[in-house]
Each structure stands twice: as structure tokens, then as C-alpha cells.
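Asker: A single structure is presented below for examination.
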Amino acid sequence: MKISARNQLKGTVSAVAEGAVNGVVSIDLGSTTVKADITMEAINDLGLKEGIDAVAIIKASNVMFAAGSERIQGISARNQIAGTIVSVKKGAVNGHVAIETAEGARIMGSITNEAIEDLGLAEGAAALAIVKSTDVIVGVE
């Protein structure tokens with residue numbers, strides 16, 4: 001199956017925190033972990049448990065960026081992924097920014113040109129890709 005979501009991050013499930021309705025699945029990508037808040041039904045249907053391979057899928061429109069590599073305190077988004085900006089492409093109104101983590105995983109986000117300018121996002125600079133755990137889809141092979 002091919003999907004249109006730009007970000008498909010392969011890793012290993014490192015933890016599953018089960019709740020009454022939803023659970024939080026942690027997917028280890030190397031030096032960072034992506035957390036996904038999904039239903040318990042999905043967790044059970046996919047057979048998600050510690051040690052299995054999984055893919056964190058994130059639409060580019062669900063990625064926010066912050067300049068620099070320091071984690072931001074006081075925000076509710078659980079995923080703050082540090083990397084180096086490898087691509088900045090501006091369109092008429094919106095642009096695409098891509099970062100690469102230390103392990104080589106790429107995360108692309110779609111943000112306004114104004115945000116690119118205001119944050120000073122440029123190739124070679126450090127940045128955080130920020131994603132809410134409820135915006136992460138989990139897949140297995």
C-alpha cells in the first residue's frame with residue numbers, strides 16, 4: 001500500500017501504556033521516541049507490544065516547527081524531534097520544510113512562508129519538528 005502522508009518513520013515499539021479507551025504507543029527511532037495516542041481497539045488489532053517493528057505516520061500539515069534544538073517547555077505536544085534543516089521550499093503562500101534526525105530520518109512539514117521567515121528557518125540550521133501525539137498514525141507490516 002502506498003499512502004500520501006509524507007512522513008513514514010520506521011522504528012520499534014518501546015512501550016505501550018494502556019488506558020480504558022485510548023493508549024499511548026512509544027516508537028523508538030534511535031535517539032528519539034515518537035508517541036502516538038491511539039484507541040485500545042487499534043492497539044489490539046495491530047498487535048502492538050514492546051519489541052515489534054512499527055511505522056509512525058504523520059501528515060506534513062500536522063508538523064509544527066521551532067528554531068533551535070532545545071525542547072520547549074509548557075506545550076502540550078508530546079513529540080519534539082530535533083534535527084537539522086535539509087530543505088526549505090517556498091510556494092505562493094505555504095512552503096515545505098524538512099529536517100533530518102541524527103539517524104537519518106526525515107520529517108517534512110507544511111507551514112506558511114511567513115512562519116519560515118519569522119522563525120529564520122534555513123538549510124543547515126537546527127530545528128524541532130513538533131507533533132501532537134493524537135496526530136500520529138501507527139502502522140505495522
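Numbering (full-length UniProt numbering), first residue to last: 1 to 141.
Heads up, the beta-carbon is just placed ideally off N, CA and C, and yes, glycines get one too.
1. Would you list, in sequence order, the uninterrupted alpha helix (DSSP H) runs of no fewer than 4 residues that lie entirely inside the UniProt domain "Mop" (74 to 140)?
2. Can you give the beta carbon distance from residue 16 to residue 50, rounded, assuming they're within the 8 angstroms contact cut?
3. Tell me where the beta strand (DSSP E) around residue 54 begins and ends.
4. Below 8 angstroms on the Cβ atoms is my contact criterion, and I expect residue 83 with residue 129 to pass it. Report the Cβ-Cβ distance as a whole number of Å.
5. What's the call for residue 92, buried or exposed, on a 16-neighbour Cβ count within 10 Å?
6. Enumerate, from N- to C-terminal direction, the unbroken beta strand (DSSP E) stretches of 3 or more residues contained entirely within the UniProt domain "Mop" (2 to 67).
7. Report yes or no: do three or more beta-carbon pairs, one from the region 17 to 28 and one from the region 60 to 76, lie closer than 8 angstroms?
8. For residue 32, is the classification buried or exposed, using 16 other Cβ atoms within 10 angstroms of its Cβ as the cut-off for buried?
9. Do you know whose CA, among 104, 38, 80 and 9, lies nearest residue 21's CA?
10. Please check the pair residue 86 and residue 102, which I expect to be a contact at CB under 8 angstroms, by giving their CB distance rounded to whole angstroms.
11. Are residue 79 and residue 140 closer than 8 angstroms when you measure CB to CB?
Answerer: Let me spell this out:
1. Here the runs fully enclosed are 113 to 119.
2. Here residue 16 refers to the residue found at position 16 of the sequence shown. Here residue 50 refers to the residue found at position 50 of the sequence shown. Rounded to the nearest angstrom, the Cβ distance from residue 16 to residue 50 is 7 angstroms, consistent with a contact under 8 angstroms.
3. Working through the sequence shown from its first residue, we reach residue 54 at position 54. Residue 54: member of the beta strand (DSSP E) spanning 53 to 58, first to last residue.
4. Along the sequence shown, read from residue 1 onward, the residue named residue 83 stands at position 83. Along the sequence shown, read from residue 1 onward, the residue named residue 129 stands at position 129. Confirmed, about 7 angstroms.
5. Residue 92 sits at position 92 when you count from the first residue of the sequence shown. An exposed status is given to residue 92, since fewer than 16 other beta-carbon atoms sit within 10 Å of its beta-carbon.
6. List check, beta strand (DSSP E) in window: 7 to 17, 22 to 28, 33 to 39, 53 to 58 and 64 to 67.
7. In this structure the region 17 to 28 does not touch the region 60 to 76; the number of beta carbon pairs closer than 8 angstroms is below three.
8. As a working mapping, residue 32 is identified with position 32 in the sequence shown. Residue environment analysis places residue 32 among the buried positions, since at least 16 neighbouring C-beta atoms fall within 10 angstroms of its C-beta.
9. For the purposes of this step, residue 21 is identified with residue 21 of the sequence shown, where counting begins at 1. With distances taken between Cα atoms, residue 21 lies closest to 38.
10. As a first step, residue 86 must be located in the sequence shown, where it is residue number 86. As a first step, residue 102 must be located in the sequence shown, where it is residue number 102. The pair is not a contact, with the Cβ atoms about 12 angstroms apart (cut-off 8 angstroms).
11. Within the sequence shown, numbered from 1, the residue matching residue 79 stands at position 79. Within the sequence shown, numbered from 1, the residue matching residue 140 stands at position 140. Contact flag unset, no.
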